[in-house]
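When you line the sequence shown up against the numbering used here, it's residues 153 to 399, in that order.
Here a beta-carbon is modelled for each residue, glycine too, at the ideal position from N, C-alpha and C.
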Amino acid sequence: MHQLDLARSGEALFKVRGKFLKYTIFVGAVIAYFHPATGPFDSVGANQLWFGLSFAVAASGALIRIVTGGYAALGTSGVTKDAPVAAELNTTGPYSLVRNPLYLGRVLNFTGIAMMSGSWVYGALMLLISILVYERISLYEEKFLREEFGDVRVDEWATSVPFLMPRFHGWVKPKYPFWVRRCIKREDEKIMFLASAVVLFDLAHRGFEMNQMPDSLAAYVVWAVIMLGYVVSRILRRFTKTFDGIS
Numbered sequence: 153m154h155q156l157d158l159a160r161s162g163e164a165l166f167k168v169r170g171k172f173l174k175y176t177i178f179v180g181a182v183i184a185y186f187h188p189a190t191g192p193f194d195s196v197g198a199n200q201l202w203f204g205l206s207f208a209v210a211a212s213g214a215l216i217r218i219v220t221g222g223y224a225a226l227g228t229s230g231v232t233k234d235a236p237v238a239a240e241l242n243t244t245g246p247y248s249l250v251r252n253p254l255y256l257g258r259v260l261n262f263t264g265i266a267m268m269s270g271s272w273v274y275g276a277l278m279l280l281i282s283i284l285v286y287e288r289i290s291l292y293e294e295k296f297l298r299e300e301f302g303d304v305r306v307d308e309w310a311t312s313v314p315f316l317m318p319r320f321h322g323w324v325k326p327k328y329p330f331w332v333r334r335c336i337k338r339e340d341e342k343i344m345f346l347a348s349a350v351v352l353f354d355l356a357h358r359g360f361e362m363n364q365m366p367d368s369l370a371a372y373v374v375w376a377v378i379m380l381g382y383v384v385s386r387i388l389r390r391f392t393k394t395f396d397g398i399s
């Protein structure tokens, strides 16, 4: 009964999960504005290391999502907003190490972005919240998989593969080749938001004072390149057939 209740709440969260990233960035920017230091320490060097670690955590989450989306079967691991979709049960590639690699990536993504605000409290809070949220969404999706493919097939996979914490053995070669266009279509917006969060938080830490820009503008150049790539991908999506038929 408890798991059924969690799955019901997961259904509601599933439909609004696309908004979580924007809220995380917005709240983080507000915290960064009132918290000029890039980390929770008194040392500038330690705070710089904290910011670098924060970005590494967020970027590792994005990388997990890119790899997962690129190897997943068509009609699975979808970005649908109303209900889960699965043409087949993914059990190879990242799904052979953890049952919910996309949500593992999102937990790391949210936690790293929250840490970039400079507040360890916000980072820890987002880690806890994202685990609780995606635990419920995952239970809802697993309920759907059981209805779609049967308890026996799902149990055979689920008994040996962890729920959210990946194992470090048992890798099964992906059933399908890596598909770059699919990654671009599915993750371009998330990558753009991550790059934008880095720049936004840097500006917020500086109180949005343009005369306090950093000596190195490398992060801003990378952000501009990513934004250009994002705009190009959106133009291709709207005016060409480059991404047609890719789910």
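In its own chain, which residues sit with a C-beta less than 8 Å from the C-beta of residue i, not counting the 5 before and 5 after it?
i: M153; result: Legend: pLDDT at M153 = 45, less than 50; position of this residue unreliable, value from coordinates given subsequently. Result list for M153: empty, nothing under 8 Å.
i: V259; result: G213, L279, S282, I283, Y286 and L316
i: L388; result: T394 and F395
i: A198; result: G191
Given 7 Å as the limit, tell me if residue i has its C-beta closer than that to any heavy atom belonging to the ligand NAP.
i: G257; result: Of the ligands one can find in the structure shown there are none, so the ligand NAP has no counterpart to examine.
Do the CB positions of residue i and residue j come within less than 8 Å of each other?
i: F257; j: R217; result: The question names Phe, but residue 257 in the sequence shown is Gly. Yes; because the gap between Cβ atoms is below 8 Å, this pair is in contact.
i: F207; j: M268; result: yes
i: T243; j: W309; result: yes
i: V374; j: A347; result: yes
i: R333; j: T392; result: no
i: R192; j: G359; result: According to the sequence as given, residue 192 is Pro; it is not Arg. Their beta carbons are not under 8 Å apart, which means P192 does not touch G359 by this criterion.
i: A239; j: G227; result: yes
i: Y274; j: G162; result: no
i: G170; j: A266; result: no
i: F301; j: L241; result: yes
Nearest to residue i by CA position, among the options, is which residue?
i: I281; options: W272, F262 and L291; result: F262
i: K337; options: I398, L201 and Y274; result: I398
i: A349; options: A198, F203, G170 and L215; result: F203
i: A184; options: D194, M379, V351 and Y247; result: V351
i: K167; options: D354, L369, I289 and L277; result: I289
i: R209; options: K327, L165, A276 and S195; result: It should be pointed out that residue 209 corresponds to Val in this sequence rather than to Arg. Looking at the Cα atoms, A276 is the closest of the given residues.
i: K295; options: T190, P236 and I378; result: P236
i: Q200; options: I378, T311 and S271; result: S271
i: S127; options: T190, S195, L249 and N363; result: Residue coverage of the chain in this structure runs from 153 to 399, which leaves residue 127 outside it and unanswerable.
i: V383; options: P366, A356, I343 and Q364; result: I343
i: D335; options: V196, L254 and A164; result: Asp is not the amino acid found at residue 335; the sequence shown has Cys there. Selected option, being the one with the closest Cα: L254.
i: G245; options: P366, G322 and L158; result: G322
Kindly give me the distance between the Cβ atoms of residue i and residue j, rounded to whole angstroms, as I take these residues to be in contact under 8 Å.
i: R330; j: I177; result: Position check: residue 330 holds Phe in this sequence, whereas Arg was assumed. That belief does not hold up - the Cβ atoms of F330 and I177 are roughly 28 Å apart, past 8 Å.
i: L297; j: V306; result: 5 Å
i: S385; j: D340; result: 5 Å
i: K327; j: A225; result: 7 Å
Taking DSSP's pairing of strands, which residues face residue i in a bridge?
i: G245; result: V324
Among the residues of its own chain, which have a CB less than 6 Å from the CB of residue i, if the five just before and after it don't count?
i: L173; result: F345
i: N252; result: S290 and L316
i: M379; result: none
Ordered along the chain, which non-local residues of its own chain (more than five positions away) have a Cβ less than 7 Å from that of residue i?
i: S368; result: none
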